[in-house]
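For reference, the structure is listed below as structure tokens.
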Amino acid sequence: MLIAVLSGFILAAASPWLARSVGDRAGWLLAALPAALFVYFLGFLPTVNESGAQVIHYPWIPDLDVNFSFLVDGLSLLFALLISGIGTFIIIYAGGYLHGHPHLPRFYAIMFAFMASMLGLVLSNNLITLFVFWELTSVTSYLLMGFNHEDKNARWCALQGLLVTVAGGLALMAGLIMIGVAAGSFELHEILADDDVLREHPWYVGMLILVLIGSFAKSAQVPLHFWLPNAMVAPTPVSAFLHSATMVKAGVYLLARFNPGLGGTDAWLYTLGIVGALTMFTGSFMALRSTGIKAVLAYTTVMALGTLVMLIGIGTEGAIIAAMAFLLAHALYKASLFMLAGALDHETGTKDILKMGGLRQLMPITFLASCVAALSLAGLPPLFGFIAKELMFEATVGAPGLAFFTTVLAVVSAMMVAGMAAVFAIRPFTGKLKETPKKPHEAPPSMLAGPVVLATLGLLFGLMGFIPASGIVQSAVGAVYGSPIEVELYLWHGINLPLMLSILAIAGGVALFLRWEQVLDFYRERLGFIDRFGAERGYEKWYDGVVWLAEWQTRVLQSGYLRTYLTITVLTTVVLTGWTFFGHTNSAVTLGSMDMHFYEVAIAGVVVVGAIAASVTSSRIGAAATLGMVGFGVAMIYVLFSAPDLGITQIMIETLTVILLVLVLFRLPGFLNLSKPADRVRDAAVAFSLGTLMTVLILAVNGVTVTDPISLQLAEWSYTEAQGRNIVNVILVDFRALDTLGELFVIGLAAVGVYAMIRLRAEDKQR
Amino acid sequence: MTTADAFETPDLMLALPEIWLLAMACLVLVVDLFSKDRDHTPAFWLTQFALVSTAVITINLQWGVDATTFSGTYVADDFGTILKVAALGLGFLGFAYSRDYMRDRGLLTGEFYMLSLFAMLGMLVTISAHNLLTLYLGVELMSLCFYALVAMDRDSPRASEAAMKYFVLGALASGMLLYGMSMLYGTTGSLDLATIREAAATLEDNRILFLFGLVFMVVGVAFKFGAVPFHMWVPDVYHGAPTPVTLMIATASKVAAVGLFLRLIGEGLEPLIADWQQMIVILAVLSLLVGNTVALVQTNIKRMLAYSTFNHMGFILMGLLAGAPGGYGAAVFYAVTYAMTVAAAFGVVLLLSQKNFEADQLTDFKGLNERSPLYAFIMLLLMISLTGIPGTVGFYAKWLVLKATVEAGFVWLAVLAVAGAVVGAFYYLRIVRLMYFDKPEGAGPQPSGSGGFRAVLTLNGLAVLALGIFPGALVAICMAAFAP
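Take a look at the structure:
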């Protein structure tokens, strides 16, 4: 199993080389791997159908709860089969479509890496590896979308897709972590086995929102749907693969996977139901007004994704059956439609439906396959798409609480899609042959194999519904629903409400098809404003807003002025201290005693005056001199408190630094006062706040006596340990010998500095 | 306290890494003085040898050990070993990347090696400190060397301005740190971290004073981290300093800052976790929010990396504030791998810089893929890792931290962090786009640099990938260091 999942990565590394050495037919050869994988996954079907989910476990980083463990059940097998099966045809198709493209080998490499990531994503049983593969699909699909990187638009769109999906992915990461921590396990089968552990957890809403953001971004739900049509800039094989079974379905997969654990609540029902229904409607509406052949398909993909999300949200038995059937049907017809669209584009050189016509004779096989696939898209019997749509109507009619809302939107959407299906299948092929940039002829076999086979499957599954039903859909439904359900799929359900709705939808679709030109004109004239207020505008506005915020922040916080920085630092400190102070109820601070002698007051006054003078003077020399006052004042305080050694050191240092400062200041240009009076007042307030804080703190500390003052011990030891009666002497020479040495050293250093300065000036004068 | 009989001969062997590094630094000084080599080749090789040998000694003597010496002022233990080896390794990378650049600008002097080595020594001392004074000594030794290193390019006004700002703000922060320490000493009567820890656990009377001391120390530590709102120096210094110095400040010093936090707050003040946790939460939140958006509009990659630092510091603080072994281990893992990744990013900037040309504009990266697919790929790995996308080590770093945060009960903080990381994705991935999809303006800078430089850089870049695939061993080491 590990090899099966990782083989894509290995082939990705080898494929450029293979593609170069084999040449033109490399596509057929390379397709052997996905084909083999398809067969390999088929081999699991009987076991899973009989005995349920299988867990295959390989340890990777057990310390981190990260393991390569794979969960093989109906749901993951359904996806794995679609990925490998459609992947096979896509690789063959790409060989024809990108024939002669200089970067074709690179294309194969990224494509295989993407396919492997996708397989890993759907098969992972471990939340972490699931997420790893999830993000790998984002990155590799980014590279695929930006494949034509000379095109500026392609780069922009690819980046948009990447940002939306990676952003969603990171939200998902947080959600998965919460799920893992809440459930106490990072293995899916254990998390989902315990039914209510997530639903009843206090974090339920949080994890739900995060998982939904991730899924909605990936599966292009409103309002994050805008990136998906833009992703059409990718080469057509990529679009066909991404839109049918892979990338965009990953979000749907995730929702389906977590349905047993997170689903079933009102929050789940209403969020998914409403968002899904709105997406369904938006997608089909946007499809209706598009004329680009790929854009039409892209918007119908949005519609399909919305439908799937809505069905999973509804979550009844019928809804889940409908979801799985619809998923399968959609994968089949959408892949073939995209490949056919690519064939049309490849052969005619245009992507605009309005510019094509009369291709029936020239491209008969394409025409035929288009008809079959489009019928399935429109939901007509006897195709599989019809069964899926019937089931969908049945589910919406029975939706708890949302029946009316979802049914109306579903019918309207189905009308529009049916109309567009008709446009797609009939427009390019009938009428007069139109002049196109390239002279059209039938596409090569490599480009027809996929659409023909997939379209035929759509027909086959429609006629013989028991094949998909018992083959895979039943197991998949069981996995999503959480308990086994009997599934039977057949075309005729008798005359009932869903059938009526179907007929209504198809009738509406025919009407829309016949009046399509008028619809387009009407849209252009009356509804053009939608483009101005759409979600994409929102994305752009948000992008601009972030840039504006960034510039504002730079202006305010990162002005480049040191004084701003100091102000912020000081204020934060004051606030934090204040917060600590007021945050504690027992924050009584004992202030130390305040009895002072008058000469102490006098010295303190000198220091304060010096400090104030230093900060207001506009002369540098004056500032140096007044700072000197502060220093000498402090020295005097040391002397008064019986620390003559400190006092002497302080005086010497002060003298030397004042000399140094004066020497330097002579060489500086004149003093400029750059600040406004208002600024100075503000700065004074900031300084005052810090000063007040420090004063209060010092007084507070002064009031604390923890241990005996060291002076008592020193007095005792000076005789017993150092045999000296002069305590100061003993302290300086014995106890603090190293300190004294250090002080001497500092003074010496300062003196050397002064000497160097003086000599420098002397040399200058000599010159 | 007694004097004569309290004196014990310290176990010098335990502190051999620092002693050895000091001796080697002095040796470098002397050798360089007498060397006639204009490129200072002997100093370079001796410096690199000093770092490697110190790392080897550290691993041999201190891994698996938990012991103190020098009367309890120095401690050797597991997480200290990890941080030291990481810091030394980052220093090694820094020197390997910077040689060509400094030589081209006439800045490759003996002082560069000396000051950097002493800064490394300061980091090692900080990481192994078990006493407030040792801690302060280490921090100051490191900081003072960095102030001087930032100003090394004396002809550059930008560098002088940066150094000035760095010095003034740094001095203020050091003052706060020291002031906080003095209050701790005042209330507990001890400088020893173990004693302080005991005192903190049974604190009653002077609790509020103790907490004030805590506030001041948090401010000092936050400054060294460059955590918001004590971050203002970071962009100016990163931008103004010569790129190799920026590299050292951005990498090794952050690892040392984690050491500082773990010793001082994580270890010494562990009993007061309820009090400091709130403050760190504020710092982490601000770090995650502020600055990240600013990085979006930067056109200079050094400034961009500076702004993005805040976000990563926010993540490291998140790991630290969880206050549990898992959180500490995650923070150490994050710091080490982040520093490694950023070192390589600066390495690429240095690689593209030429004589008289600084490749520090984002536009210089346009179309790098066509000029040098290898280094474009390495840069791609680095940017992906900094974003936190799986496949690279950055993902596991974020993962571990987020897990620890959620387990500590700060779910909202984890969500906020993820939102910050999303913004980060914008500017990191923009560089990827520039390299792969854009056309260069003019010819664009070619990769320069000697073979050795390129080889080390390539290995550094690939290590980010290799650790992204096999992170198990490093994670196990980081977690084991904090296992109770």
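Line by line, the protein sequences are chains A and B. Under my numbering, residues 1 to 767 are what the first sequence spells out, in order. Under my numbering, residues 1 to 484 are what the second sequence spells out, in order. We put the CB at the ideal spot given by N, CA and C, even for glycine.
Taking 8 Å as the CB threshold, Met13/B stays off the interface with chain A. In this structure Leu283/B is in contact with Ala227/B, their Cβ atoms being roughly 5 Å apart against a cut-off of 8 Å. Excluding sequence positions up to five before and after Ala404/B, its CB lies within less than 6 Å of the CB of Gly319, Ala322, Gly326, Gly327 and Ala330, all in the same chain and listed in chain order. When the Cα atoms are used, Glu161/B and Val664/A turn out to be separated by approximately 18 Å.
Distances from the CA of Ala473/B to each of Phe333/B, Tyr101/B and Gly186/B were compared; the closest alpha carbon is that of Phe333/B.
Taking the CA atoms as reference points, Leu377/A sits about 59 Å from Phe453/B. Contacts with chain A at 8 Å (Cβ-Cβ) do not include Trp20/B. One Cα belongs to Ala343/A, the other to Gly419/A, and the distance between them is close to 22 Å.
In the DSSP secondary-structure assignment, Glu187/A is bridged to Asn126/A. Within 8 Å of the CB of Gly560/A, the CB atoms of chain B belong to Asp236, in sequence order along the chain. Your pair Leu203/B and Phe212/B does not check out as a contact, with CB atoms roughly 13 Å apart and the cut at 8 Å. Residue range Val66 to Val72 is occupied by the beta strand (DSSP E) that includes Phe68/A, with no alpha helix (DSSP H) assigned at that position. Per DSSP, the continuous alpha helix (DSSP H) segment holding Gln277/B begins and ends at Ile273 to Leu289. In the three-state scheme derived from DSSP, where H, G and I count as helix and E and B as strand, Gln518/A is classed as helix.
One alpha carbon belongs to Gly349/A, the other to Ser98/B, and they sit about 54 Å apart. Bridge pairing for Asn300/B: Gln361/B [DSSP]. Taking 8 Å as the CB threshold, Lys165/B lines the interface with chain A. Chain A has no Cβ within less than 8 Å of the Cβ of Leu193/B. In this structure Gly180/B touches Leu214/B by the C-beta definition: roughly 7 Å separates them, less than 8 Å.
Only buried fits Trp516/A, as 16 or more other CB atoms lie within 10 angstroms of its CB. In this structure, the alpha-carbon of Gly462/A lies about 49 Å from that of Ala417/B.
Residue environment for Gln650/A: buried (at least 16 other C-beta atoms within 10 angstroms of its C-beta). Contact fails between the stretch 207-218 of chain A and the stretch 284-301 of chain A, because fewer than three Cβ pairs, one in each stretch, are under 8 Å apart. For Arg197/B, the nearest beta carbon of chain A is not closer than 8 Å to its own beta carbon. Each residue's CA atom was taken as its position, placing Thr695/A and Glu551/A some 39 Å apart. In this structure, Ala43/B and Tyr147/B do not form a Cβ contact; the two beta carbons are roughly 21 Å apart against a cut-off of 8 Å.
In its chain, beyond the 5 residues on either side, Gly385, Phe386 and Lys389 have a beta carbon closer than 6 Å to the beta carbon of Gly379/A. With the criterion set as a beta carbon lying under 7 Å from some beta carbon of chain B, the members of the stretch 537-554 of chain A are Val546, Val547, Leu549, Ala550, Glu551, Gln553 and Thr554, in sequence order. Asp438/B is positioned such that its CB atom lies closer than 8 Å to that of Lys366/B. Note that the stretch 297-309 of chain A touches the stretch 408-425 of chain A; at least 3 beta-carbon pairs, one per stretch, sit closer than 8 Å. Shown in chain order are the members of the stretch 380-393 of chain B whose Cβ falls below 9 Å from a Cβ of chain A: Ile384, Thr387, Gly388, Ile389, Pro390 and Gly391. With respect to chain B, the C-beta atom of Gly206/A has a partner C-beta closer than 8 Å. Restricted to the stretch 625-698 of chain A, the alpha helix (DSSP H) segments that are unbroken, complete and at least 4 residues in length are 644-665, listed in chain order. Within 9 Å of the CB of Lys302/B, no CB atom of chain A is found; the nearest one sits about 14 Å away. Around Thr88/A, the same chain offers Ala31, Pro34, Ala35 and Phe38 as residues with beta carbons nearer than 7 Å, after the five sequence neighbours per side are excluded. Residue range Asp78 to Asp104 is occupied by the alpha helix (DSSP H) that includes Val85/B.
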